[in-house]
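To start, the structure under review is shown below, and the notes come after it.
Protein chains in written order, with the numbering used here: chain A, 12 to 123; chain B, 583 to 693.
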């Protein structure tokens with residue numbers, strides 16, 4: 012069982028470059044989420060999708076865009092990367108909103 | 583504003599030395615309190631959900647308890663493989679977009 016798969020695992024960008032983080036889940040979950048985790052801070056929600064075709068902003072959405080491509084896939088795009096976006100990014104899914112989350116293994120992003 | 587505070591930030595135990603991790607919270611209406619385990623370089627892994635004061639849940643050497651102001655994760659006779667960061671998360675709106683995560687407790691168990 013793959014669960015939640017994120018790619019890439021590591022990425023280094025220069026300020027102003029763009030990239031897309033990919034996430035796919037094989038558990039037929041309805042809800043998907045993107046979090047960032049920074050040292051000394053708790054996980055913070057960037058965007059979420061309660062169901063296919065819908066997306067909503069979380070706590071820290073500025074500088075990011077998302078696409079819920081289908082029920083399985085939820086991508087996060089950085090249009091113009093900034094050093095403040097250096098972080099570890101986690102994708103997660105849940106069967107229903109409010110239920111336990113299943114996390115991917117994360118993407119470590121550095122913006123120089 | 584919902585707040586979650588975990589203590590201690592780090593805890594070092596000897597194998598077999600039982601202890602507890604604390605998650606204190608302030609919330610207008612608790613819809614669930616989650617405990618997760620996170621290994622280095624990995625995503626958090628779900629452990630427990632608690633919904634009401636007095637509730638307890640157990641899994642192997644771990645037991646989670648909940649009061650109206652805090653939750654404890656008790657670790658009985660820990661082993662080195664229990665070493666990880668333990669995260670507490672508060673759900674005040676019945677939705678995961680309202681989850682508030684604590685900063686975590688880094689547990690190290692020495693053989």
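We treat Cβ as the ideally placed atom computed from N, Cα and C, and that holds for glycine.
Within-8 Å CB hit, residue 38 of chain A to chain B: If you number the first chain from 1, residue 38 of chain A lands on position 27. Closer than 8 Å: no.
Verify whether the separation of the beta carbon atoms of residue 638 of chain B and residue 645 of chain B is less than 8 Å. Taking the first residue of the second chain as 1, we reach residue 638 of chain B at position 56. Taking the first residue of the second chain as 1, we reach residue 645 of chain B at position 63. Here residue 638 of chain B is near residue 645 of chain B, since their CB atoms are less than 8 Å apart.
What residue from A:111, A:83 and A:110 has the CA that sits closest to residue 38 of chain A's CA? For the purposes of this step, residue 38 of chain A is taken as residue 27 along the first chain, with counting starting at 1. The shortest Cα separation from residue 38 of chain A among A:111, A:83 and A:110 belongs to A:83.
How should residue 118 of chain A be labelled, buried or exposed, when 16 other C-beta atoms within 10 angstroms of its C-beta is the threshold for buried? Working through the first chain from its first residue, we reach residue 118 of chain A at position 107. Answer is buried; the Cβ neighbour count reaches 16.
Taking Cβ positions only, does residue 654 of chain B come closer than 8 Å to chain A? Position 72 of the second chain holds residue 654 of chain B. Cβ-Cβ to chain A under 8 Å: no for residue 654 of chain B.
Comparing alpha-carbon positions, which option in A:77, A:120 and A:104 lies nearest residue 98 of chain A? Numbered from its first residue, the first chain carries residue 98 of chain A at position 87. For residue 98 of chain A, the closest C-alpha among the options A:77, A:120 and A:104 is that of A:120.
Check whether the segment 68-84 of chain A and the segment 22-37 of chain A touch, using three or more Cβ-Cβ pairs below 8 Å as the test. Because the criterion of three Cβ pairs below 8 Å is met, the segment 68-84 of chain A and the segment 22-37 of chain A touch.
Residue ranges of each beta strand (DSSP E) within the segment 596-629 of chain B, 3 or longer: You should have 601-608 and 614-620.
Taking DSSP as the reference, what is the three-state secondary structure of residue 108 of chain A? As a working mapping, residue 108 of chain A is identified with position 97 in the first chain. Coil, per DSSP.
Does the Cβ of residue 59 of chain A have 16 or more other Cβ atoms within 10 Å, making it buried, or fewer, making it exposed? To locate residue 59 of chain A, count along the first chain from 1; it is residue 48. Residue 59 of chain A comes out buried.
Indicate whether residue 661 of chain B and residue 599 of chain B have their beta-carbon atoms separated by less than 8 Å. The count along the second chain starts at 1 and reaches residue 661 of chain B at position 79. The count along the second chain starts at 1 and reaches residue 599 of chain B at position 17. No Cβ-Cβ contact shorter than 8 Å links residue 661 of chain B with residue 599 of chain B.
Nonlocal neighbours in the same chain, by C-beta distance under 6 Å from residue 595 of chain B, ignoring five residues either side: For the purposes of this step, residue 595 of chain B is taken as residue 13 along the second chain, with counting starting at 1. Cβ contact annotation for residue 595 of chain B (same chain, cutoff 6 Å, sequence separation greater than five): 601, 660 and 691, in chain order.
Please say whether residue 122 of chain A and residue 93 of chain A have beta carbons closer to each other than 8 Å? In the first chain, the residue the question calls residue 93 of chain A occupies position 82. In the first chain, the residue the question calls residue 122 of chain A occupies position 111. With respect to the 8 Å criterion, residue 93 of chain A and residue 122 of chain A are classified as neighbours on the basis of their beta carbons.
Closer than 8 Å is the cut-off here; do at least three beta carbon pairs connect the segment 600-616 of chain B with the segment 661-679 of chain B? Result yes; three or more Cβ-Cβ pairs closer than 8 Å.
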